[in-house]
Amino acid sequence: MKRRDMLLKTLAAGALLTIPKPLQIFANEKKNAVLTEVSGAGNPLRFPPVFTNGGNMTLAETTEQVWPGQNTQIITVNSSYPGPSVVIDKGQTFTANVINNLSEVITTHWHGVSTPANMDGHPRNPILPGGSFTYTFPVTNRGGTYFYHAHADMLTAKQVYRGFAGFFIVRDPAENYNLPSGVYDVPLCIQDRRTADIPNFTYNPGSPEQTWGYLGDTVLVNGTPDAYFEVGRTLYRFRLLNGSNARVYRIAFSDNRSFSIIGTDGGLKDAPVSATQFNLAPGERVEILVDFSSNTIGQNVTLRSLAFTHGGTLPYKQGIALDIIRFDVTNNNTSGGIIPAAFSPITYYNSNEVVETRTFTLTMSGSHPMHKINGLTFDINRVDWQTRQNSLEKWRIVNATADFHPMHTHEAQWQVLSRNNNTNLPPSDKGWKDTVNLNPGETVEVLVKFIDHKGLYLFHCHNLEHEDEGMMLNFEIIDPIGIQQIGTEVPQRFELHQNYPNPFNPSTKIKFDIAGPVADNASLKIFDIRGRQVAELYSGKISAGSYETEWKPNFMPGGTYFAKLTAGSYTKTIKLVLAK
Numbered sequence: 002m003k004r005r006d007m008l009l010k011t012l013a014a015g016a017l018l019t020i021p022k023p024l025q026i027f028a029n030e031k032k033n034a035v036l037t038e039v040s041g042a043g044n045p046l047r048f049p050p051v052f053t054n055g056g057n058m059t060l061a062e063t064t065e066q067v068w069p070g071q072n073t074q075i076i077t078v079n080s081s082y083p084g085p086s087v088v089i090d091k092g093q094t095f096t097a098n099v100i101n102n103l104s105e106v107i108t109t110h111w112h113g114v115s116t117p118a119n120m121d122g123h124p125r126n127p128i129l130p131g132g133s134f135t136y137t138f139p140v141t142n143r144g145g146t147y148f149y150h151a152h153a154d155m156l157t158a159k160q161v162y163r164g165f166a167g168f169f170i171v172r173d174p175a176e177n178y179n180l181p182s183g184v185y186d187v188p189l190c191i192q193d194r195r196t197a198d199i200p201n202f203t204y205n206p207g208s209p210e211q212t213w214g215y216l217g218d219t220v221l222v223n224g225t226p227d228a229y230f231e232v233g234r235t236l237y238r239f240r241l242l243n244g245s246n247a248r249v250y251r252i253a254f255s256d257n258r259s260f261s262i263i264g265t266d267g268g269l270k271d272a273p274v275s276a277t278q279f280n281l282a283p284g285e286r287v288e289i290l291v292d293f294s295s296n297t298i299g300q301n302v303t304l305r306s307l308a309f310t311h312g313g314t315l316p317y318k319q320g321i322a323l324d325i326i327r328f329d330v331t332n333n334n335t336s337g338g339i340i341p342a343a344f345s346p347i348t349y350y351n352s353n354e355v356v357e358t359r360t361f362t363l364t365m366s367g368s369h370p371m372h373k374i375n376g377l378t379f380d381i382n383r384v385d386w387q388t389r390q391n392s393l394e395k396w397r398i399v400n401a402t403a404d405f406h407p408m409h410t411h412e413a414q415w416q417v418l419s420r421n422n423n424t425n426l427p428p429s430d431k432g433w434k435d436t437v438n439l440n441p442g443e444t445v446e447v448l449v450k451f452i453d454h455k456g457l458y459l460f461h462c463h464n465l466e467h468e469d470e471g472m473m474l475n476f477e478i479i480d481p482i483g484i485q486q487i488g489t490e491v492p493q494r495f496e497l498h499q500n501y502p503n504p505f506n507p508s509t510k511i512k513f514d515i516a517g518p519v520a521d522n523a524s525l526k527i528f529d530i531r532g533r534q535v536a537e538l539y540s541g542k543i544s545a546g547s548y549e550t551e552w553k554p555n556f557m558p559g560g561t562y563f564a565k566l567t568a569g570s571y572t573k574t575i576k577l578v579l580a581k
């Protein structure tokens with residue numbers, strides 16, 4: 002190595018943010034070897050500290066050196082940027098007391114992690130300045146790469162951009178496939194920033210940013226600008242997280258090498274798949290295995306985002322080519338890892354078992370809030386629909402705009418069924434997902450089932466400017482479909498009886514009669530005064546008899562609703578009044 006390059010590396014390392022000496026999240030093995038002859042300057046990749054389960058997570062405005070020699074005003078978690086990484090085994094209980102030392106409200110969302118509704122970080126449950134809240138929940142997710150981030154209403158984009166985010170990595174002791182581990186298992190959080198704003202994370206979105214999202218022209222990895230990472234001539238596992246507000250990356254290597262995609266948002270796939278590139282949208286995670294054994298010491302290769310055509314305005318637009326991180330080959334150490342032939346099989350949903358199909362159309366208007374789902378913008382007090390626990394649903398998401406929309410659901414991992422009716426999906430789509438990117442004009446279908454918890458959750462675009470500009474809806478997970486047959490007599494005619502009590506709060510019972518076998522599906526659905534379906538109390542084949550079911554609106558606002566029974570050619574609607 003040239004003396005100048007060594008000095009640059011040494012100075013950069015000394016001037017970086019005051020985080021403990023770079024330490025891999027799973028650093029239970031030997032550290033990388035010392036530097037050898039590698040050309041090129043840059044900054045050594047940072048690794049945030051590991052969070053101590055049960056401790057405090059303190060949010061604060063802090064001055065740190067993101068760029069060497071320059072002070073930057075950022076949000077830190079426990080004085081760390083990025084925030085400390087949660088590393089926890091499946092089956093353990095996670096606990097964190099989140100303390101808000103900022104001047105604005107916060108919530109913490111555990112992205113991709115299944116939590117009770119009151120632990121999900123919904124904007125309805127803000128932590129006030131000077132306040133705190135203890136999040137605690139059992140970790141039931143598959144082993145995988147998840148993360149946490151800000152989720153306060155109208156403040157998510159700003160707070161994430163300024164530093165409020167960190168990894169949440171779940172390990173499953175049952176997953177023993179001899180994958181690279183320890184210092185060879187490397188999490189990489191990719192975020193873009195604007196060189197014009199260096200050294201600060203200036204966040205001041207105007208109309209272009211509210212339309213396309215807040216896009217930068219330089220990349221930070223784990224909060225490191227111009228990052229490099231020293232590797233051995235061996236196999237590595239990289240956990241890639243797109244932590245950007247809006248940028249979509251087309252991930253590839255500078256030498257066009259192939260790699261193995263082994264995991265998506267919700268953990269390992271059923272088998273590794275070879276690829277040379279893939280798209281990574283905000284909120285998505287992809288895990289890859291990369292083999293450097295064919296390289297010689299002294300070589301380097303760069304992970305980058307390839308150029309592609311898309312809308313926006315220069316210099317901040319989608320699709321510009323960007324270097325992400327340089328890998329310098331410095332030693333002959335070996336990880337001992339392998340590329341397995343297969344992992345545990347994934348049970349894929351059967352679309353023939355779908356009990357409810359929902360369509361979500363994404364649009365944009367010229368006025369604020371400008372991003373909409375089914376013509377609606379986010380209302381923190383409105384519940385947009387109810388979904389039954391353990392019921393398989395198909396969500397048809399229609400992108401009627403000219404921009405990308407990475408759509409994310411809370412409280413479930415879904416399976417992508419098709420893109421524009423094409424079921425031949427790219428490998429980064431196959432497996433468990435909680436975020437799926439929609440290309441302009443594209444329709445994507447996913448299959449989803451909410452299993453673990455009930456309560457109020459969110460569905461939204463993970464372009465964070467789109468989210469803050471209205472592209473988010475509330476939904477409530479309620480008890481599984483349940484109707485009770487009353488008596489044994491066969492009714493003489495179809496009938497939907499008036500609910501009782503009416504008006505009601507908090508629940509009401511609805512009785513209906515089926516006079517004979519029904520060839521078609523029978524359904525009992527609830528609509529609001531605008532004609533939008535908000536709940537489905539029953540759907541399926543049904544035999545003759547009298548039945549009763551109960552509707553618990555819970556988070557629904559007070560007002561007039563309508564229950565509609567359809568059974569064969571019979572239909573009837575009654576009016577219900579929720580008194581709140």
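All the letters of the sequence shown, read from the start, carry residue numbers 2 to 581 under the working numbering. Virtual Cβ for every residue (Gly too), placed ideally from N, Cα, C. Computed from a predicted structure; not experimentally measured.
What residues match up with residue i in a beta bridge as DSSP calls it?
| i | result |
| --- | --- |
| residue 577 | 562 |
| residue 120 | Partner(s): none; residue 120 has no beta bridge. |
| residue 365 | 372 |
| residue 77 | 61 |
| residue 239 | 187 and 289 |
| residue 87 | 169 |
| residue 303 | 327 |
| residue 552 | 509 |
| residue 572 | 567 |
| residue 144 | In DSSP, residue 144 forms no bridge with anything. |
| residue 348 | DSSP lists no partner for residue 348. |
| residue 250 | 281 |
Between the alpha carbons of residue i and residue j, how many angstroms are there, rounded?
| i | j | result |
| --- | --- | --- |
| residue 276 | residue 347 | 20 Å |
| residue 410 | residue 124 | 15 Å |
| residue 452 | residue 87 | 24 Å |
| residue 171 | residue 147 | 7 Å |
| residue 572 | residue 566 | 5 Å |
| residue 238 | residue 270 | 14 Å |
| residue 3 | residue 200 | Confidence is the limiting factor: at residue 3 the pLDDT is only 37, short of 50, which leaves the residue's position unreliable and the question unanswerable from this model. |
| residue 129 | residue 107 | 7 Å |
| residue 121 | residue 110 | 5 Å |
| residue 279 | residue 526 | 41 Å |
| residue 196 | residue 366 | 30 Å |
| residue 489 | residue 495 | 15 Å |
| residue 383 | residue 55 | 34 Å |
| residue 272 | residue 407 | 25 Å |
| residue 332 | residue 234 | 6 Å |
| residue 105 | residue 556 | 26 Å |
| residue 37 | residue 330 | Confidence is the limiting factor: at residue 37 the pLDDT is only 30, short of 50, which leaves the residue's position unreliable, though a coordinate-based value still follows. So the alpha carbons of these two residues sit roughly 9 Å apart. |
| residue 22 | residue 71 | Interpretation of residue 22 is limited by its pLDDT of 33, a score under 50 that renders its predicted location unreliable; the figure taken from the coordinates is listed afterwards. In a straight line, the C-alpha of residue 22 is about 20 Å away from that of residue 71. |
| residue 140 | residue 576 | 42 Å |
| residue 155 | residue 361 | 22 Å |
| residue 178 | residue 262 | 15 Å |
| residue 223 | residue 243 | 11 Å |
| residue 376 | residue 69 | 46 Å |
| residue 295 | residue 427 | 27 Å |
| residue 149 | residue 378 | 24 Å |
Between residue i and residue j, is the Cβ-Cβ spacing less than 8 Å?
| i | j | result |
| --- | --- | --- |
| residue 143 | residue 268 | yes |
| residue 448 | residue 401 | no |
| residue 282 | residue 465 | no |
| residue 53 | residue 78 | no |
| residue 412 | residue 115 | yes |
| residue 85 | residue 167 | yes |
| residue 47 | residue 225 | yes |
| residue 241 | residue 287 | yes |
| residue 164 | residue 76 | yes |
| residue 434 | residue 265 | yes |
| residue 457 | residue 118 | yes |
For chain B, check one thing: does any of its Cβ atoms lie closer than 8 Å to the Cβ of residue i?
| i | result |
| --- | --- |
| residue 281 | This model lacks chain B altogether, as it is built from one protein chain only. |
Q | Any 3 or more C-beta pairs closer than 8 Å across the region 324-336 and the region 301-311 | A | yes
**Q.** Completely contained beta strand (DSSP E) runs for the region 166-219, where each covers 3 or more residues
**A.** 166-172 and 186-194
Q) Does the pairing of the region 96-103 with the region 126-140 give three or more beta-carbon distances under 8 Å? A) yes
(Q) Extract the residue ranges of the beta strand (DSSP E) inside the region 357-436, only unbroken runs of 3 or more that lie entirely within it. (A) 357-365, 372-374, 386-389, 394-400, 406-410 and 416-420
Q | Every unbroken alpha helix (DSSP H) inside the region 482-521 [4 residues or more] | A | none
Q) Between the region 369-389 and the region 471-487, are three or more C-beta pairs nearer than 8 Å? A) yes
Q. Okay, do the region 537-549 and the region 498-517 touch, 3+ Cβ pairs below 8 Å being the bar?
A. yes
(Q) Count Cβ pairs between the region 333-344 and the region 437-447 that sit closer than 8 Å; are there 3 or more? (A) no
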